[in-house]
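> In my numbering, the protein residues as written are 351 to 724.
Cβ atoms here follow ideal geometry from the backbone N, Cα and C, with glycine treated the same way.
Everything numeric in this text was worked out from a predicted model, so none of it was measured.
Take this structure, written in structure tokens, and hold onto it; I'll ask about it next.
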Amino acid sequence: MSSHPGKLLLPGRNVKRDGRSRAMIRSPLPKGAHEMSEIEIDDEMYDIDAVAKGAWVPGPYGAGDQLGTYNEVTPEKRAAAWSILEGATRVQTINLGDVLFNGYPGFGDRDYQQQLVIAGYAPPEGYGGISKGTDPMGATRLSFHEERVQTTYNIASKVNGLLHCGVEDLFYNGFRGRDIARDHGTSDLDVVSWGPPLVTRGFLIDVVGLKAESGENVFEVNGRASLEGNYRITLEDLEAACARQGLPAFEPGDAIMIRTGWNNLVRSDPEQFLSGAPGPWLRETRWLASHRPALLGIDCWVWGTLDPEATKGFYNACHQELNMRFGIRFGEGFQFEELADSGADRFVLTHTPLRAEGATSSSVPALAIATLDD
């Protein structure tokens with residue numbers, strides 16, 4: 351893994367809280383890409399007033415764009431992703447989604463409730479689901495099962511779209527909430543606008559695996575290691591984990607995942623699970639964004655540490671930068687334990703979101719395809 355760059359090339363003017371801005375420069379983007387501006391990879395908070403006035407508009411892929419860094423996943427990029435499996439005689443497929451259950455812990459009023467629907471037979475005593483009748487149907491005496499679900503797409507393992515977070519009514523690439531909000535969802539930047547299913551190189555940065563070796567900043571959950579609540583994953587942690595694993599340099603369009611172990615709390619201690627989260631902050635998020643990944647992901651319910659010493663009250667700042675400035679979708683609540691147990695830290699990542707018109711996020715999990723060969 352190469353050393354982190356000192357500066358990042360990003361869309362729009364780099365406006366900091368003191369009002370200073372830097373001149374536009376030409377970035378090393380592919381031919382046809384748009385100009386970017388320069389920003390230090392640090393924790394300095396951006397100027398919220400300037401962003402609300404359009405400092406990050408247009409986005410890095412030009413006016414009207416709705417793909418963001420999915421633009422980096424070209425047909426050539428998809429084909430090259432399969433080189434990770436080159437020569438493999440056996441492959442494994444690993445679901446990166448957590449198991450949903452009634453009462454799954456969600457932020458705020460987000461909830462998941464599922465009821466079984468039965469028909470064609472008498473339900474068991476005490477059944478609290480929905481019965482459509484006990485008599486079998488028709489000449490074949492048909493019975494069936496289905497379900498009814500009340501939930502949000504933004505719970506458990508999900509990918510957040512580019513309009514997930516904004517500043518006031520301004521969202522990625524200048525789209526305004528009042529222009530795109532409809533009763534059923536949004537007219538632009540919805541899941542349907544994400545384009546074809548994602549197929550790209552995937553990498554797992556195993557930060558909790560790194561920390562477990564020294565026993566620092568970790569605790570045990572049901573026999574498994576987790577980073578401490580609100581632990582701030584540093585840039586040095588990310589680089590050390592990449593070096594320990596021998597990961598190659600990241601390329602535009604890759605999917606970069608971070609394992610913290612925090613999702614091990616979902617069932618055993620849901621209150622602790624929602625009480626905080628380990629994760630990166632602005633410096634680390636900007637470093638990751640400098641590689642122009644198609645997707646970032648973490649196994650916490652939220653991207654970014656909730657450590658008040660790091661956030662200084664701006665705890666949504668990483669969300670806003672990823673969506674609005676960089677045009678990057680990010681996943682939360684992913685499940686990486688099976689992937690880590692398999693020993694696979696590089697894989698083909700695929701994701702096909704539920705094509706729900708107007709939806710802002712997708713809770714369809716991603717899939718990792720990795721070699722089983724030694």
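Confirm, please, whether the CB-CB distance from Trp653 to His669 is below 9 Å.
Taking the sequence shown and counting its residues from 1, one reaches residue 669 at position 319. Taking the sequence shown and counting its residues from 1, one reaches residue 653 at position 303. It is a contact, given that the beta carbons lie within the stated cut-off.
> Which of helix, strand or coil does DSSP assign to Tyr522?
Counting from 1 along the sequence shown, the entry for residue 522 is found at position 172. It is helical.
> Counting pairs of beta carbons, one from the segment 571-581 and one from the segment 665-682, are three or more of them closer than 8 Å?
Because the criterion of three Cβ pairs below 8 Å is not met, the segment 571-581 and the segment 665-682 do not touch.
> Take His495 as the anchor and find which of Gly524, Gln465 and Leu513 has the nearest alpha-carbon.
The residue given as residue 495 occupies position 145 in the sequence shown. Nearest C-alpha to His495: Gln465.
> Take every Cβ of the segment 532-552, pair it with every Cβ of the segment 707-721, and state whether three or more of those distances are shorter than 8 Å.
Yes, the segment 532-552 is in contact with the segment 707-721.
> Please check the pair Thr484 and Phe676, which I expect to be a contact at CB under 8 Å, by giving their CB distance rounded to whole angstroms.
Working through the sequence shown from its first residue, we reach residue 484 at position 134. Working through the sequence shown from its first residue, we reach residue 676 at position 326. The Cβ separation is near 56 Å, so there is no contact.
> In whole angstroms, what separates the C-alpha of Ser371 from that of Asn614?
On the sequence shown, residue 371 is found 21 positions in, with the first residue counted as 1. On the sequence shown, residue 614 is found 264 positions in, with the first residue counted as 1. Only weak support is given to the placement of Ser371: the predicted model assigns it a pLDDT of 34, under 50, and the value that follows is read from those uncertain coordinates. Their backbone Cα atoms lie some 43 Å apart in a straight line.
> Let me check understanding here. Comparing Cα to Cα, which of Lys482, Ile678, Leu513 and Arg551 lies closest to Lys427?
Locating residue 427 in the sequence shown gives position 77, counting from the first residue. Taking only the C-alpha atoms, the option nearest Lys427 is Arg551.
> When the Cα atoms are used, what is the spatial distance from Ser611 to Gly511?
Numbered from its first residue, the sequence shown carries residue 611 at position 261. Numbered from its first residue, the sequence shown carries residue 511 at position 161. Note that residue 611 is Gly in the sequence shown, not Ser. Looking at the two C-alpha atoms, the distance is approximately 24 Å.
> Out of curiosity, what's the CA-to-CA distance linking Ala716 and Val449?
As a position in the sequence shown, residue 716 is number 366, starting the count at 1. As a position in the sequence shown, residue 449 is number 99, starting the count at 1. Going from the Cα of Ala716 to the Cα of Val449 covers about 13 Å.
> Can you give the Cα-Cα distance for Asp657 and Asp587, rounded to whole angstroms?
Within the sequence shown, the letter at position 307 stands for residue 657. Within the sequence shown, the letter at position 237 stands for residue 587. So the two alpha carbons sit approximately 16 Å from each other.
> Assuming Ala667 contacts Phe697 (C-beta within less than 8 Å), just tell me the rounded distance between them.
Stepping through the sequence shown from its first residue, residue 667 is reached at position 317. Stepping through the sequence shown from its first residue, residue 697 is reached at position 347. No, Ala667 and Phe697 are not in contact; Cβ-Cβ is about 30 Å, not under 8 Å.
> In chain order, what residues of the same chain have a beta carbon less than 6 Å from the beta carbon of Thr501, not counting five sequence neighbours either side?
Against the sequence shown, residue 501 aligns to sequence position 151. Closer than 6 Å at the Cβ level, and outside the excluded window around Thr501, lie Tyr462.
> Name the two residues that bound the continuous alpha helix (DSSP H) containing Arg594.
Within the sequence shown, numbered from 1, the residue matching residue 594 stands at position 244. That run of the alpha helix (DSSP H) goes Leu585 to Gln595.
> Fully enclosed by the segment 401-487, which alpha helix (DSSP H) runs are 4 residues long or longer?
The segment 401-487 contains these whole alpha helix (DSSP H) runs: 425-431.
> Assuming Val557 contacts Ala591 under a Cβ cut-off of 8 Å, what Cβ separation, rounded to an integer in Å, is found between them?
The residue labelled residue 557 in the question sits at position 207 within the sequence shown. The residue labelled residue 591 in the question sits at position 241 within the sequence shown. The pair is a contact, with the Cβ atoms about 5 Å apart (cut-off 8 Å).
> Should Lys561 go down as buried or exposed, given a rule of 16 or more other Cβ atoms within 10 Å for buried?
Counting from one through the sequence shown, the residue named residue 561 turns up at place 211. It is buried - the Cβ of Lys561 has at least 16 other Cβ atoms within 10 Å.
> Going by the beta-carbon positions, is the gap between Ile678 and Pro643 smaller than 9 Å?
As a position in the sequence shown, residue 678 is number 328, starting the count at 1. As a position in the sequence shown, residue 643 is number 293, starting the count at 1. Yes, these two residues count as a Cβ contact at 9 Å.
> Spell out a yes or no on whether the segment 614-633 and the segment 453-461 are touching, meaning 3 or more CB-CB pairs, one atom from each, closer than 8 Å.
The segment 614-633 vs the segment 453-461: in contact.
> Just the C-alpha distance for Gly693 and Gly412, rounded to the nearest angstrom, thanks.
As a first step, residue 693 is located in the sequence shown; it is residue number 343 there, counting from the start. As a first step, residue 412 is located in the sequence shown; it is residue number 62 there, counting from the start. Going from the Cα of Gly693 to the Cα of Gly412 covers about 40 Å.
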